[in-house]
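Below: one structure, written as structure tokens.
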Amino acid sequence: MPRADELLDILTAGGRRADRLTHVHRISARAGQTARWPDWVSPQLLVGLEARGAGTPWVHQALAADAAWSGRHVALATSTGSGKSLSYWVPALTSVRGASDEFARGRIEGVRSRGTVLYLSPTKALAQDQFTSVTALLKAAGITDIAVDTCDGDTPFEARKWIQAHSDVVLTNPDYLHYSMLPGHARWASFFKRLRYVIIDEGHSYRGVFGAHVSLVLRRLQRIVQYYRSSATYTSGDRPTFVVASATTADPAASAARLIGVIPDDIAAVVEDTSPRGNKTFALWQPPQMVPFDSDSPDSGRAARTGGGSGFSVVGGDDLGGLVDPWDVGSWNAGGAGAGAGGAGAGDGESWANGSWDGGDPDPWGALDDSLTGPASDATAIVDAPAPEQPRRAATAEAADLLADLASHSVRSLAFTRSRRGAENVASHTQDLLSHVNPRLVNSVAAYRGGYLPEERRELEAAIRTGKIKALATTNALELGVDISGLDAVLIVGWPGTRVSMWQQAGRAGRAGADGMVVFIAREDPLDTYLVNHPEAIFDTPVEATVFDPSNPYVLAGHLCTAASEIPIKESEIEYLGGEVARNLLNQLTERGTLRRREKGWYWTHEQNAADFTNIRGEGGTPVQVVERESGRLLGTVDAAQADSQVHNGAVYVHQGETYVVAEYNYAEAIALVDREATTYTTWSRDVTSIEIRETLQEKSWDVTLPGAYGTQGAPSASTGSRPHVEWGFGKVDVHGQVVGFNRRRIPSGEILSNDTLDLPVRTLETTAAWWTVSAELLEVAGLDMEEAPGALHAAEHASIGLLPLLATCDRWDLGGVSTALHVDTERATVFVYDALPGGAGFAERGYGMAREWLTATLEAISSCGCADGCPACVQSPKCGNGNNPLSKSGAIRLLRTVLTGSPSAP
């Protein structure tokens, strides 16, 4: 591969794009540290390890394998490409193989003693990848008496029956375990009774509400295992050994313990990465500003092509770009006017329930102003607000240029995007660019995302491994462990949400100890802009912990029902399943008639499968089926959470590059009928929102001393009544939202073609929020009258949503917000930021706990932005439910300074 300096020269086009580099960080190479495999490893398996080039393990592999073999639960948290998989497969396969060595083959008692292994990954692709690796190892070892199979929703029914009866190792995902294996545990009785190891791969991905769901699924699994082992109580010997493999995270032992339901002392943490690492160069990249073009100038034709008729062209003269990149989105939707409860307000937020971990789009819970509007948008379009003088080019357009340049120099590259459509867009634009340079390279570029048919995925994965595909645009589907070695460069298009994910994606460059190049390309987003201009926030800051709450009642209730349907819940199990929260929920469910209490426990007495009522990927009701009206073909599904905003009547729906228009959306029946139609427009939904406080769980105030009423004379002003000038709260809230209409907008200019109304139901999200309120005196000192105050509060809300991921293990799609100049519950000007997930996920609570750090970073991000009146890099949101109106950047700066220091002036 080219050297790092050569790669930088390719990326900067010989210096012509050098001004886009904001920082270059270099990580030195590291030699590996080796050990010996322990003596207990199966001799025949050692033969296979030697044949596969793994006869001498890295130290962390040997340590983790030995701990797992001894019966300790293991948290293995090392970098991408460090060989984590052998750390768990060696003890797991030896455990199965050991039965064959110890007992005479064919004897009944020998067969019964054979242990089984359950492997869980968040994606089908990763399970298939591990299946390929394990079977190759067994083949190299000459081992033929260990049956290894994948089993998931794609597995034919007849094959499932064989697997249930004969498999020693089953690779699947938490969804199949939840929906099929545990409810149908009688069919898996032999497998569960002999379960020795449970391997949880990519453990860092189980966070937020999804992590809470998976944690409870694993508790249900352990109940089933205990049941078939006929133990009266839970002991360490009754449970299988868990190995949780993850990217590098903070406190992996605590996260693993919470995930599987034990105390951290029961976990052996292996965190020192002893694998070799090549030199890695990490570049931070900010796309160029767009400059207005003169339609009478000689270059106006080219400018119109690159700017899509937007009136802007790219500084530096690239061949692809424009103010609006119609596919640089999760779903092109924007919002309409919103009102906070009790007064004029603005609501914003992005949520991510992640309906498909196979590279799915960010998935909003729904009916939450900005969250109602659909998945997060990377678009640099500014909706219903004056465009900044020089907006920046779309990150996906920039990525396509760089990917094409890398591919034309035979550099094997991977581009991570934030959405399925973003991946398709980058791939298609890259192919288009290459078609003009070297048409033979066009077929070496592809997109990889969720939503493909199984056979399409398998074919694409094979092409990636063989090197037939040189450049790939993907979603997080390839972040999660699929083995793609030999990559030279990785482009990260937009902040992936956490430092854990960033380093996981970056680890794809230079796997197996080779050198690698990583480029983080910033979108026009407050957090992205902050990060490319503050490299210390990336490189000098520890990775986050994995945050989730298994006792979240909105998650726990469904799993209690499902657990009761599998095996009646005993009194002795309540503490393990959730303690007093579980007890209270069981009583409520019994009162409602959902469960029935008997002497031996709680029973599920309904005919329906209880698991079907709990969606572990996003808690939002029955997914809406998208069906082509003419053929009756099922194109795909959309989570109920996002259906109102994505498949309403008249919405444009995109599937594998083809556009469809929704002819009929029946939300009651969860179906959307669509017609295939080549459109020149896309659709943006509009919504209204309100928020009400149900219960304040925590509150505090800040001691802010204000000058005189006008900041220049008089004694310090007192708070209204006895209330402090700045009050903070955290608690339970109800967010009410409704999609009320949509716009048709021309591609790519963003010109509004029509405004249409919709009649859809109001949705309510019960969640948790942090909020801060300010007194009328503080607004006055900040120079904010009733005309400017709403815009200042709104701008501060936007930026604070974008900056909270610096402090909490979330991204902005996990969050929503509402701001209002007068809220009925607080009786003051108030800014709310809430978890856009049912029951909350701990993110807003984290913001409450670090309130001063949060608002300080927010103020710095806004005040350091070079724009005059606000832009997507500081206070504008591409998904604003109020069309980014009103906004006051200068007002937000004065407001935040006054909240933090008591003075609107810079120190």
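For any residue, its number in the working numbering is found by taking its place in the sequence shown, counting from 1, and adding 539. Glycine included, every Cβ here is placed at the ideal spot set by N, Cα and C.
Go to residue i, then tell me how far its alpha helix (DSSP H) extends in each direction, as first and last residue.
| i | result |
| --- | --- |
| T544 | Here residue 544 turns out to be Asp, not Thr, going by the sequence shown. Run containing D544: A543 to L550, per the alpha helix (DSSP H) assignment. |
| H1087 | The residue you asked about is not His; residue 1087 is Phe in the sequence shown. Where F1087 is concerned, there is no enclosing alpha helix (DSSP H), given that its DSSP letter is neither H nor E. |
| N1072 | P1065 to N1072 |
| G1097 | P1092 to E1105 |
| R1433 | K1428 to T1440 |
| A1380 | That residue, A1380, is in no alpha helix (DSSP H); it is neither H nor E in DSSP. |
| Q583 | P582 to A590 |
| A1028 | That residue, A1028, is in no alpha helix (DSSP H); its beta strand (DSSP E) goes A1028 to V1032. |
| E1399 | A1390 to S1402 |
Would you identify the three-state DSSP class for residue i, choosing helix, strand or coil?
| i | result |
| --- | --- |
| A1217 | coil |
| D858 | Note that D858 scores a pLDDT of 37, beneath 50, so its modelled location is shaky; the value from the coordinates is reported in the next line. The answer is coil: DSSP assigns D858 none of H, G, I, E or B. |
| S849 | Low confidence applies to S849: its pLDDT is 36, below 50, so where it sits in the model is not reliable, and the reading given next is rough at best. In this structure, S849 counts as coil in the three-state DSSP scheme. |
| R1038 | helix |
| H1145 | coil |
| K819 | strand |
| I1060 | strand |
| A933 | coil |
| K623 | helix |
| E1234 | strand |
| E537 | Given a span of 540 to 1446 for the chain in the structure shown, any question on residue 537 remains unanswerable. |
Apart from the five residues on each side of it in sequence, which residues of its chain come closer than 7 Å, Cβ to Cβ, to residue i?
| i | result |
| --- | --- |
| G1097 | F1152 and T1153 |
| H564 | F821, P1074 and F1078 |
| Y766 | I1106 |
| F731 | H724, I763, V764 and Y767 |
| M1325 | A1360 |
Residue i lies in the beta strand (DSSP E); which residues open and close that run?
| i | result |
| --- | --- |
| N1294 | I1291 to T1296 |
| L1523 | Absent from the model: residue 1523. The displayed extent of the chain is 540 to 1446, so no value can be given. |
| S952 | S952 to F955 |
| R612 | According to the sequence shown, residue 612 is His rather than Arg. Here the beta strand (DSSP E) through H612 covers H612 to A616. |
| R1199 | Note on identity: in this sequence residue 1199 is Tyr, with Arg being the wrong assignment. That run of the beta strand (DSSP E) goes E1197 to N1205. |
| H599 | No beta strand (DSSP E) holds H599; the alpha helix (DSSP H) holding it covers V598 to W608. |
Confirm, please, whether the CB-CB distance from residue j to residue i is below 7 Å.
| i | j | result |
| --- | --- | --- |
| V965 | S947 | no |
| R1233 | K1271 | yes |
| E1266 | T1312 | yes |
| P779 | A793 | no |
| P713 | N1148 | no |
| T617 | D812 | yes |
| A1360 | P1329 | yes |
| E1336 | S1358 | yes |
| R1168 | T1222 | no |
| V586 | A675 | no |
| T1176 | Q1164 | yes |
| A1400 | P930 | no |
| T561 | L823 | yes |
| P707 | A686 | A small correction: the amino acid at residue 707 is Asp; Pro does not occupy that position in the sequence shown. Closer than 7 Å, so yes. |
| A1084 | A789 | yes |
| G1280 | R1367 | no |
| L1439 | A1396 | no |
Skipping 5 residues on each side, what residues in its chain have a beta carbon closer than 6 Å to that of residue i?
| i | result |
| --- | --- |
| Q1237 | F1269 |
| Y627 | I738 and V782 |
| C1404 | A1412 and C1413 |
| A604 | S626, V629 and P630 |
| P1263 | S1240 |
| S1402 | I1432 |
| I1031 | F955, Q1044 and F1059 |
| G1140 | P1107, I1108 and K1109 |
| Y1069 | A1400 |
| S581 | T633 and R636 |
| L953 | L1011, L1026, V1029 and R1047 |
| G654 | S634, V635, R733 and R735 |
Which residues in the same chain have their Cβ closer than 8 Å to the Cβ of residue i, if we skip the five residues on either side of it in sequence?
| i | result |
| --- | --- |
| A543 | R565, N818, T820, D1054 and M1056 |
| T1251 | At T1251, the pLDDT of 37 sits below 50, so the modelled position is not reliable; the number obtained from the coordinates is stated separately. Excluding positions up to five away in sequence, the list is empty. |
| D805 | R611, H612, S775 and A796 |
| V1120 | S1090, P1092 and L1095 |
| I1155 | P713, D714, H717, F749, H752, V753 and V756 |
>> Give the list of continuous alpha helix (DSSP H) stretches no shorter than 4 residues that lie fully inside the region 723 to 753.
In response: 728 to 732
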